[in-house]
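In full-length UniProt numbering, the protein residues as written are 1 to 582.
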Amino acid sequence: ISDAVAALTRKYGGLLWGEHGKGVRSEYAPAFFGPLYPSLRRLKAAFDPHNQLNPGKIATPLSTPPDDAGGAQAPTAEPEAPASDEQAVKWVDPGLLAIDGVPTRGQHDRQIDERVWQAHGDAVYCNGNGACYNYDPDDAMCPSWKATRERIHSPKGRASLMREWLRLQGHAGVDVVEAARQQRAQGAWGAVRAFPGKLRNTLARRRGEADFSHQVYDAMAGCLACKSCAGQCPVKVNVPTFRSQFLEVYHGRYLRPLRDYLIGGLEFLVPYLAPVAPFYNAALDTRWVERLLAGPIGMVDSPRLSRASLKKQLAAWGVAEATPTTLGRLTAAQKAKSVVLVQDAFTSYFEATLVMDVVELLERLDVRVFVAPFAPNGKPLHVQGFLGAFERTAARQAERLRTLAGFGVPLVGLDPAMTLTYRQEYVKALGEEAVPEVRLLPEWLSERLVEETSSLVPEGVSLDDPGYRLLAHCTETTNASGTPRAWQRVFAAFGLELEVLATGCCGMSGTYGHEARNRETSATIYAQSWQPRVEDPANAGRLLASGYSCRSQAKRLSDSALPHPLQGLLEVLRRAGKAPLQ
């Protein structure tokens, strides 16, 4: 059929291809280019003499043997050009791929078992549209691509590597779905039994033993897990999800670095470190601890714990914990003016004053705040590929929050990335019915302020508008796109303006920027978009940042302490003379 269509098209002086498709139909190129075709081959030879770029397509350098299409052959002496146009038309480049011999991605992808395909849909459904090859520094997707300009560090590149890895695993007789199940079910004794094999494989890797998995691992290691791809990719390719799936199986064969355990266990560790925060912080300031963390462990610029105790301050203010007992005593009218603040490890233990300020502001707005007892959220476990531990942690936390949600008081989270875990990773792991709604602070507060009938600003009180500018968290803007506008509505309720600045990723993304291997890339990402705004004198005293990671990065690389949006709003109210909590 193709031969007949090609002949018919030539007969009427037309072209067989439009904007695309020339490469697949390369065997017809000599006939259509006619006497110009040898010139095309000379051009190919000048720029790609070893036939490495898209081999077997369009033209091959003079001269590639027919049985070596796409091979690394240097051109030999140029043959004589055809004597006439007619001879040129009949002349066929022997190095071109036949139309029925061009391999397609679909042929490779169909080699992946259907069960494996369905379990890794976040990777295999990438259609190659290339939206992630984004050069705009003020757009979120994709920070690692923009910092490195290496395609393996883009969502499309990582999805391609993941598909090829799944295909090769199947050819090797490895069922990755079963391997993942075994990893999640593995107990302590199973981990001990697996250790010798992992050690043997890890030593083989250090000796240089080839395994395509290592190339995939290197690509996944560069991912910030910011989830911008999950929100902005036209087909919603979710690299953090299949990255975690890959790490889970990969580390079933190879030992994990100490860094993974430190990051994954962070939420479980900080409650025990908080009571000795001064000693912990002092230890981090010593040279030998800094070298130990940067060397064997691979962590740099570790954040300091808050010296102020959130638990003690809340108790002093009379802020109650959210428990079935305290919530069960509320009347319907009281519930309508109450909220449960769901803690996260980063703000509660590294920015305790922020949580205190949020409680103070909400109390000023006649909202009674109940603070849920701290429990690990599990996001660091998910990021590092400890999916079995994540599912167990998520199940426990979801059960606690379901109990609290049953009393009809809204649940609200403070940090965007941690809070969005409940509506994304939790739902995927446990099912939608098992996970209660935990709203982002601006989502809930903007709706509540709209419903407020009384004036938020007392008569006779004038608020000084600083002209704040918001640097929003990239996970927040890409996965809950209405939040910047929600922040603007919150400020507008007080008669204040809030300008949302277009920014990309800050480069921190949880603990990514604290990993020694990522330090340079993290700084490069920060310099592309955030640094010019943070260090612009025109923005001094006007910038607000909604993400913990973003504030941490600005402090680390620009020595600039950016307040949270509600801290900025609280400062305006304080200057207006409204007394703080006692």
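We put the CB at the ideal spot given by N, CA and C, even for glycine.
Computed from a predicted structure; not experimentally measured.
- Positions of the alpha helix (DSSP H) runs, each at least 4 residues long and wholly inside the stretch 397-428, are given as 416-423 in order along the chain.
- Going by DSSP, Val-369 is part of the beta strand (DSSP E) stretching over 368-371.
- Rounded to the nearest whole angstrom, the C-alpha separation of Tyr-272 and Leu-305 is 11 Å.
- One thing to note: Leu-401 has its Cβ within 9 Å of the Cβ of Pro-436.
- For Arg-158, the closest of Ala-219, Asp-122, Gly-121 by C-alpha to C-alpha distance is Ala-219.
- Every beta strand (DSSP E) stretch that sits fully inside the stretch 533-568 and reaches 3 residues is listed by chain position as 543-545.
- Assigned with DSSP and collapsed to three states, Glu-267 falls in helix.
- When DSSP states are grouped into helix, strand and coil, Glu-476 belongs to the helix group.
- The C-alpha of Tyr-135 is placed about 25 Å away from the C-alpha of Glu-515.
- The beta carbon of Ser-546 lies closer than 8 Å to those of Pro-416, Pro-442, Leu-470, Leu-471, Ala-472, His-473, Glu-476, Thr-483, Trp-487, His-564, Pro-565 in the same chain, with the five residues before and after it left out.
- Per the Cβ contact rule, the stretch 239-255 is in contact with the stretch 172-180 (3 or more Cβ pairs under 8 Å).
- Cβ neighbours of Val-367 within its own chain (closer than 8 Å, five residues either side excluded): Lys-337, Ser-338, Val-339, Arg-448.
- As computed with DSSP, Glu-321 is found in a beta bridge with Val-371.
- At the C-beta level, Gly-408 and Val-342 stay beyond 9 Å of one another.
- Burial is judged here by how many other beta carbons sit within 10 angstroms of a residue's own beta carbon; Trp-145 has at least 16 and is buried.
- Taking C-beta atoms as the reference points, Pro-137 and Ser-529 count as a pair closer than 9 Å.
- The Cβ atoms of Gly-385 and Asp-211 do not sit closer than 9 Å to each other.
- No Cβ-Cβ contact shorter than 9 Å links Gly-577 with Pro-143.
- Looking only at His-153, Ala-315, Gln-118, the smallest Cα-Cα distance to Leu-166 is reached by Gln-118.
- Rounded to the nearest angstrom, the gap between the Cα atoms of Leu-354 and Ala-188 is 38 Å.
- Between the alpha carbons of Ala-320 and Lys-312 lies a distance of about 12 Å.
- Counting only residues of its own chain and dropping the five nearest sequence neighbours on each side, Leu-255 has a CB closer than 7 Å to the CB of Lys-198, Leu-199, Thr-202.
- The beta carbon of Val-270 sits closer than 6 Å to the beta carbons of Ala-345, Tyr-349 from its chain, once the five residues preceding and following it are set aside; these are given in chain order.
- Arg-439 is bridged by DSSP to Val-412.
- In the DSSP assignment, Tyr-250 falls within the alpha helix (DSSP H) that extends over 239-250.
- About 7 Å separates the beta carbons of Ala-29 and Tyr-37, which is inside the 8 Å limit, making them a contact pair.
- Within its own chain, the residues whose Cβ lies closer than 7 Å to the Cβ of Leu-463, once the five positions on either side in sequence are excluded, are Val-457, Phe-494, Gly-495, Leu-496, Val-572, Ala-576, listed in chain order.
- Counting only the Cα atoms, Ala-492 lies some 30 Å from Tyr-526.
- A residue is called buried once 16 or more other Cβ atoms fall within 10 Å of its Cβ, and His-153 is buried on that count.
- Here Ala-140 is near Thr-478, since their CB atoms are less than 9 Å apart.
- The beta-bridge partner set that DSSP reports for Leu-471 consists of Ala-545.
- Here DSSP, grouped into helix, strand and coil, assigns Met-141 to coil.
- Here the alpha carbon of Val-239 sits roughly 41 Å from the alpha carbon of Asp-465.
- The Cβ neighbour count for Arg-307, taken over all protein chains shown within 10 Å, is under 16; the residue is labelled exposed.
- Between the stretch 13-33 and the stretch 47-63 there are three or more inter-stretch CB-CB distances shorter than 8 Å, so the stretches are counted as touching.
- In the three-state DSSP reduction, Glu-351 falls in the coil class, being neither helix nor strand.
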